[in-house]
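Read left to right, the sequence shown gives residues 120 to 411 (the working numbering).
Every residue, glycine too, gets a C-beta built ideally from N, C-alpha and C.
In what follows, a single structure is set out as structure tokens and then discussed.
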Amino acid sequence: MMHPQISRSLLWVFAFTTMMTATVKSVSANEANSDSKKLQVLLVAGGCCHDYSTQAKLLKEGIESRIDAEVTVALSTTANTKTTFEIYKSDDWADGYDVVIHDECSANVTEKPYVNRILAAHQNGTPAVNLHCAMHSYRWGDFRSPVQPGSDNSAWYEMLGLQSTGHGPKFPIKVQHANGEHPITDGLDDWTTINEELYNNIRIFDGATALIQGKQMTPPNKNMLKKNPDAKPLEASAVVAWTNSYGPNKTRVFSTSLGHQNDTVADDRYLELVVRGLQWASNTLPPTGTAK
Numbered sequence: 120m121m122h123p124q125i126s127r128s129l130l131w132v133f134a135f136t137t138m139m140t141a142t143v144k145s146v147s148a149n150e151a152n153s154d155s156k157k158l159q160v161l162l163v164a165g166g167c168c169h170d171y172s173t174q175a176k177l178l179k180e181g182i183e184s185r186i187d188a189e190v191t192v193a194l195s196t197t198a199n200t201k202t203t204f205e206i207y208k209s210d211d212w213a214d215g216y217d218v219v220i221h222d223e224c225s226a227n228v229t230e231k232p233y234v235n236r237i238l239a240a241h242q243n244g245t246p247a248v249n250l251h252c253a254m255h256s257y258r259w260g261d262f263r264s265p266v267q268p269g270s271d272n273s274a275w276y277e278m279l280g281l282q283s284t285g286h287g288p289k290f291p292i293k294v295q296h297a298n299g300e301h302p303i304t305d306g307l308d309d310w311t312t313i314n315e316e317l318y319n320n321i322r323i324f325d326g327a328t329a330l331i332q333g334k335q336m337t338p339p340n341k342n343m344l345k346k347n348p349d350a351k352p353l354e355a356s357a358v359v360a361w362t363n364s365y366g367p368n369k370t371r372v373f374s375t376s377l378g379h380q381n382d383t384v385a386d387d388r389y390l391e392l393v394v395r396g397l398q399w400a401s402n403t404l405p406p407t408g409t410a411k
């Protein structure tokens with residue numbers, strides 16, 4: 120069976136389209152892997168609720184400017200929660216890549232053979248990096264309650280290592296490095312984002328290791344003030360970056376739920392975190408944590 124074709128470069132979207140399927144220019148993964156010295160990265164981006172055209176460009180440029188990597192982008196033009204990707208329709212979709220970045224937002228994609236085909240590549244050892252709305256993708260059943268390992272709707276969460284179901288309003292998040300000894304966070308300073316979404320934590324799986332804690336102060340809303348004019352701001356806290364050991368091959372997986380806003384994705388501190396996570400997942404991160 121021929122390998123589906125994917126593009127070396129980004130598909131930039133300059134016009135509205137009525138197409139209801141993902142559109143991806145492509146070349147073979149073997150061609151993408153022609154320079155063996157470069158880390159071969161596949162970035163899958165698209166779906167609901169985010170400016171993926173801009174963010175894919177920011178991520179590609181941010182990664183390639185920091186490490187010796189070639190980022191191939193599979194960018195969807197479909198902008199809804201049912202977005203699927205042509206590349207995932209092949210069993211060997213990840214061949215030729217050292218690591219895959221999932222930056223999709225496909226909450227209502229529930230076809231198990233499709234999702235299992237994605238997960239199979241990571242079960243077989245292809246490292247993964249998951250960004251923001253990837254945490255809220257490929258879910259079904261009673262996903263708002265903690266899922267049990269091995270259950271019908273736990274597969275994607277088990278790859279992530281953490282189950283999240285939603286977020287509150289957009290306000291700044293204090294990013295606190297709870298595990299400064301880990302090579303990903305070694306030497307990184309705490310910082311505060313612009314208005315961002317703090318994803319909740321419903322369940323953390325056994326193979327996961329928390330790296331960064333996020334804290335967010337939310338002012339009382341109108342209903343709260345109506346009931347109590349002296350209502351105080353509420354503080355919410357959640358893990359916002361973590362690693363996971365996944366599947367029989369103990370595949371390395373790094374995830375961060377940060378990254379809703381374009382300005383956050385463009386922030387050097389965010390890009391440094393993503394690049395370190397990418398290097399850790401692909402086992403190319405120096406012990407000091409400094410990007411090569």
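Using a 10 angstroms sphere on the CB of Leu-353, the tally of other CB atoms stays under 16, which defines it as exposed. As the crow flies, the alpha-carbon of Asp-217 is around 26 Å from that of Val-228. Judged by DSSP in its simplified three-state form, Asp-170 adopts coil rather than helix or strand.
Taking C-beta separations shorter than 7 Å and ignoring five residues to either side along the sequence, the partners of Leu-344 in its chain run Ala-350, following chain order. For Gly-396, the three-state secondary structure derived from DSSP is helix. For Pro-246, the number of other beta carbons within 10 angstroms of its own is at least 16, and it is reported as buried.
Trp-361 has Ala-329 and Ser-374 as its beta-bridge partners, per DSSP. Linking Asn-402 to Arg-395 through their CA atoms gives a straight-line distance of about 10 Å. When secondary structure is reduced to three states using DSSP, His-301 falls in the coil class, being assigned neither helix nor strand.
With fewer than 16 other beta carbons inside 10 angstroms of its own, Asp-187 counts as exposed.
In the three-state DSSP reduction, Gly-181 falls in the helix class (H, G or I). With respect to the C-alpha of Ile-323, the residue from His-169, Val-359, Gly-215 and Tyr-207 having the closest C-alpha is Val-359. When secondary structure is reduced to three states using DSSP, Asn-314 falls in the strand class. Annotation: Lys-293 is outside any alpha helix (DSSP H); the continuous beta strand (DSSP E) that includes it extends over 290-296.
Distance from Leu-194 to Gly-166 at the Cβ level is roughly 10 Å; contact not present, criterion being Cβ atoms closer than 8 Å. Approximately 13 Å separates the beta-carbon atoms of Ile-182 and Leu-404; this is outside 8 Å, ruling out the contact.
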